[in-house]
Amino acid sequence: MSGTFVGMPAFPEAARAALGDTQLRHNLAHATGVIRAKRSRLVTEVEESMPESGGWEALRLAGAGVKDRALRDLETQLVLLEERLTAAGATVHWARDAAEANAIVVAVAQRHQATEVVKVKSMVTQEIGLNEALEAEGIDAWETDLAEIIVQLGDDLPSHILVPAIHRNRAEIREIFLREMGKVGKPAPEGLTDEPAVLAGAAREHLREKFLRAKVAVSGANFAIAETGTLVVVESEGNGRMCLTLPEVLVSVVGIEKVVPTWAELDPLLRLLPRSSTGERMNPYTSTWSGVTPGDGPQEVHVVLLDNGRTRALADDVGRQALRCIRCSACLNVCPVYERTGGHAYGSVYPGPIGAILNPLLKGTGDPQTDSLPYASSLCGACFEACPVRIDIPEVLVHLRSKVVDGHRDDTVPKAEAVAFKGAAYALGDSRRLAWAERASGLAGRVMTRFGRTSLPGGRAAAGRVPGPGVGKWTSARDLPAPPAESFRAWWKRTDGGRR
Amino acid sequence: MSSAREDILGRVRAALADVEPDREPVVAPRLAVRPAEEVVDLFAERVEDYRAIVERCTPEQLAGRVAAAVPPGASVVVPAGLSVDVAGAAVDDGTLTSADLDALDVVVTDARVGVAETGTIVLDHTAGMGRRALTLVPDRHVCIVRTEQVVADVPDALVLLDPARPLTWISGPSATSDIELDRVEGVHGPRTLHVILVG
Ligand code: SF4
């Protein structure tokens, strides 16, 4: 049904296509701008309401502290979580990878002869390709979040963690609803307009039928509390509540990094997440449940604890902090690269700055698409400042870039940068060679200024687009100062240090 | 072949071989303390911010206000143990199916906790609140909150709540901003949230 990210081109190619899409760029700039403004108003409000206890920064430190505490003690926490979930009547499963997790969910659905499941928006089930795995077994997986329906019915890919259909405008959504809803259930009403409230109403009608008859639901979880065996789902529309409450069977796929040690430590996270994510003091609905409650909600509850690369990330002592991520998407909304390219260019369910570090950490380096991601950043640091759990994304980006470069040490065809840096090391390693190189660059400078169409502040000549392998790409977006005609060393020699 | 569980826990152990765990729970910073009346006022204001209907009344006025909150001719359902009598309401005995609930217009419930800072109401689905489906499927939720149930912020609520119970935290009516970021109230949950603050 919906597309997959498998086989996407590396970031630079994918980004070029996205940059050509002016509608997408307009929607993204608008969306990220609106959410940024809402978020920053609330951050100010927090600052003002707790002047004595350190404000937003202190809250961020607490959020990072809670997640770190869970991660640093993960084995104990996971064993405790399993014990408490089981005591509360849930069945706990463990999955090393996507295939194992999918097989567990498929088996549960098949045991109940389910031909369809309803789903709460969950990034982890997209990560493991659960919908495709269910469909391969003849089980329909219905996304129930409005944006996910738009994406699923449009046979499309999500482009933002929080507003996955941000690349679609209301007219396109109306067309998708009119064309596709009838093929898979209750058709869109006649006379459907493109008013957001009317479109939301059509989705309500379309899905209610599915909620009322579904036997099996699938969810993720925002948090899993070890001490009490409690899962937490944070949402807005009520589709989450529908899935978590009405069906007889509930399967929740939970990454092992979602653990929170104690009930009380939910506090900073529940205060940080909605403010950072949708820019609200609190999201409309948060559901928490611990296993099975007799007479209320699903009477068969499964929890799948998933690794799928998380232990690989955990073993990286710099990258480990990425597992603190609570998927709020604040880093996307402040990222100048994301704002222009959108989510698709990252070729993964995890786009933006967090995707640029999480994907290589989960999958390891070595694949050209994954390897291109740590470079999809200007290292401006805005993501770190926005992150509610203080993930130093630029630090991890730089760390991963060095890993990617290390991975290419033994390539038979060296990369352009590698050639340039080898050359630099050779020239800088010896003073005579350096003097020679500088004379050569002085000559080059005189040639280069002939290509120059620009000058830099201060009037110094600059090369516009410089021809040559590797250099052309770099200078197509930057002005390269032309090397001076005379080097410092030549000037010193000629003037005896300025005395002559 | 070792089990997935042993494998994963083994990898976790190996990844953290050089890491010391930290056994002290983290305590997050708190809001500056406000007088009780201010906290209640703030609660009303913040719930209203989400475009919910909010009204205040005395305990004596409550039954009348609840009756007035039900549109004429609407069908009403209430949970067992509700703190006020609602004329003509069906009492959920647990046998109503989801489809039955879908045919009802209004549900009236009590609440467990109100959170002022975030304008949130928490239900723990004990007596007076009913099972979770009851406050989800009907389109209008009338919720009675007592002023003494209102606390300042999230951590104050967490200590009063029992995590063994299913909990529903409600901050305004169901909403989405998925279409061009236009906020629309009411997708799948009740489209109208009507809060009656008593005391
Ligand atoms: S990295 Fe931080 S800012 Fe980005 S999604 Fe995760 S928690 Fe939010």
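The listed protein sequences correspond, in order, to chains R and D.
Note that our numbering numbers the first sequence so that position 379 is 379, with each residue one more than the last.
Note that our numbering numbers the second sequence so that position 98 is 1098, with each residue one more than the last.
Glycine residues also receive a C-beta, built at the ideal position from the N, C-alpha and C atoms.
Just so it is clear, the structure is predicted and the values come from calculations on it, not from any experiment.
Beta-carbon proximity of residue i to residue j, cut-off 7 Å
{"i": "Val-1078(D)", "j": "Val-1108(D)", "result": "yes"}
{"i": "Ser-1171(D)", "j": "Gly-1094(D)", "result": "no"}
{"i": "Thr-228(R)", "j": "Pro-1163(D)", "result": "yes"}
{"i": "Glu-1180(D)", "j": "Arg-170(R)", "result": "yes"}
{"i": "Leu-80(R)", "j": "Ala-224(R)", "result": "no"}
{"i": "Asp-1153(D)", "j": "Leu-1042(D)", "result": "no"}
{"i": "Glu-75(R)", "j": "Val-1012(D)", "result": "yes"}
{"i": "Val-108(R)", "j": "Gly-255(R)", "result": "no"}
{"i": "Leu-1193(D)", "j": "Pro-1138(D)", "result": "no"}
{"i": "Asn-239(R)", "j": "His-1188(D)", "result": "yes"}
{"i": "Val-1091(D)", "j": "Ala-1080(D)", "result": "yes"}
Assigned secondary structure, residue i (DSSP; H/G/I helix, E/B strand, else coil)
{"i": "Val-303(R)", "result": "strand"}
{"i": "Arg-465(R)", "result": "Bear in mind that a pLDDT of 44 at Arg-465(R), under 50, signals an unreliable position, so the number given afterwards is only what the model happens to contain. Arg-465(R) falls in the coil class under three-state DSSP."}
{"i": "Gly-352(R)", "result": "helix"}
{"i": "Ile-391(R)", "result": "coil"}
{"i": "Arg-1112(D)", "result": "coil"}
{"i": "Gly-255(R)", "result": "strand"}
{"i": "Pro-1163(D)", "result": "coil"}
{"i": "Cys-380(R)", "result": "coil"}
{"i": "Cys-243(R)", "result": "helix"}
{"i": "His-1194(D)", "result": "strand"}
{"i": "Glu-1020(D)", "result": "coil"}
{"i": "Glu-94(R)", "result": "Looking at the sequence provided, one finds Trp at residue 94(R) rather than Glu. Trp-94(R) falls in the strand class under three-state DSSP."}
{"i": "Glu-235(R)", "result": "strand"}
{"i": "Lys-121(R)", "result": "coil"}
{"i": "Thr-1168(D)", "result": "strand"}
{"i": "Thr-587(R)", "result": "Outside the displayed span of chain R (1 to 500) sits residue 587(R), for which this structure offers no information."}
Residue i CB to nearest heavy atom of the ligand SF4 below 6 Å
{"i": "Ser-287(R)", "result": "no"}
{"i": "Ser-329(R)", "result": "yes"}
{"i": "Ile-391(R)", "result": "yes"}
{"i": "Ile-357(R)", "result": "no"}
{"i": "Ile-326(R)", "result": "yes"}
{"i": "Cys-380(R)", "result": "no"}
{"i": "Cys-387(R)", "result": "yes"}
{"i": "Ile-176(R)", "result": "no"}
{"i": "Ile-173(R)", "result": "no"}
Residue i to residue j span [Cα, whole Å]
{"i": "Pro-1190(D)", "j": "Leu-1096(D)", "result": "18 Å"}
{"i": "Glu-339(R)", "j": "Asp-1085(D)", "result": "54 Å"}
{"i": "Asn-222(R)", "j": "Ala-88(R)", "result": "19 Å"}
{"i": "Gly-291(R)", "j": "Leu-246(R)", "result": "15 Å"}
{"i": "Leu-305(R)", "j": "Val-233(R)", "result": "16 Å"}
{"i": "Glu-48(R)", "j": "Ala-31(R)", "result": "26 Å"}
{"i": "Gly-309(R)", "j": "Asp-1007(D)", "result": "12 Å"}
{"i": "Leu-162(R)", "j": "Ser-277(R)", "result": "7 Å"}
{"i": "Gln-321(R)", "j": "Gly-355(R)", "result": "13 Å"}
{"i": "Glu-1185(D)", "j": "Pro-1173(D)", "result": "6 Å"}
{"i": "Leu-1062(D)", "j": "Pro-1071(D)", "result": "16 Å"}
{"i": "Gly-138(R)", "j": "Asn-102(R)", "result": "14 Å"}
{"i": "Ser-287(R)", "j": "Ala-1028(D)", "result": "22 Å"}
{"i": "Val-259(R)", "j": "Arg-84(R)", "result": "13 Å"}
{"i": "Asp-21(R)", "j": "Asp-267(R)", "result": "41 Å"}
{"i": "Leu-1123(D)", "j": "Cys-1143(D)", "result": "10 Å"}
{"i": "Gly-458(R)", "j": "Ser-122(R)", "result": "At Gly-458(R), the pLDDT of 43 sits below 50, so the modelled position is not reliable; the number obtained from the coordinates is stated separately. If I take the Cα positions, the gap works out to 53 Å."}
{"i": "Asp-73(R)", "j": "Pro-1155(D)", "result": "23 Å"}
{"i": "Lys-363(R)", "j": "Val-318(R)", "result": "16 Å"}
{"i": "Arg-281(R)", "j": "Glu-82(R)", "result": "32 Å"}
{"i": "His-112(R)", "j": "Phe-11(R)", "result": "42 Å"}
{"i": "Ala-58(R)", "j": "Val-1151(D)", "result": "21 Å"}
{"i": "Tyr-285(R)", "j": "Leu-1136(D)", "result": "11 Å"}
Environment of residue i [buried if 16+ CB atoms lie within 10 Å]
{"i": "Gln-1149(D)", "result": "buried"}
{"i": "Leu-456(R)", "result": "Residue placement at Leu-456(R) cannot be trusted, given a pLDDT of 44 that sits under 50; what the coordinates show is reported in the next sentence. Exposed."}
{"i": "Glu-1037(D)", "result": "exposed"}
{"i": "Thr-1126(D)", "result": "exposed"}
{"i": "Leu-1160(D)", "result": "exposed"}
{"i": "Ala-90(R)", "result": "buried"}
{"i": "Glu-209(R)", "result": "exposed"}
{"i": "Arg-16(R)", "result": "exposed"}
{"i": "Leu-379(R)", "result": "exposed"}
{"i": "Phe-488(R)", "result": "exposed"}
{"i": "Gly-1064(D)", "result": "exposed"}
{"i": "Gln-152(R)", "result": "buried"}
{"i": "Gln-77(R)", "result": "buried"}
Proximity test, residue i beta-carbon vs the ligand FAD heavy atom, cut-off 6 Å
{"i": "Ile-354(R)", "result": "The ligand FAD is absent from the structure shown, which contains only the ligand SF4."}
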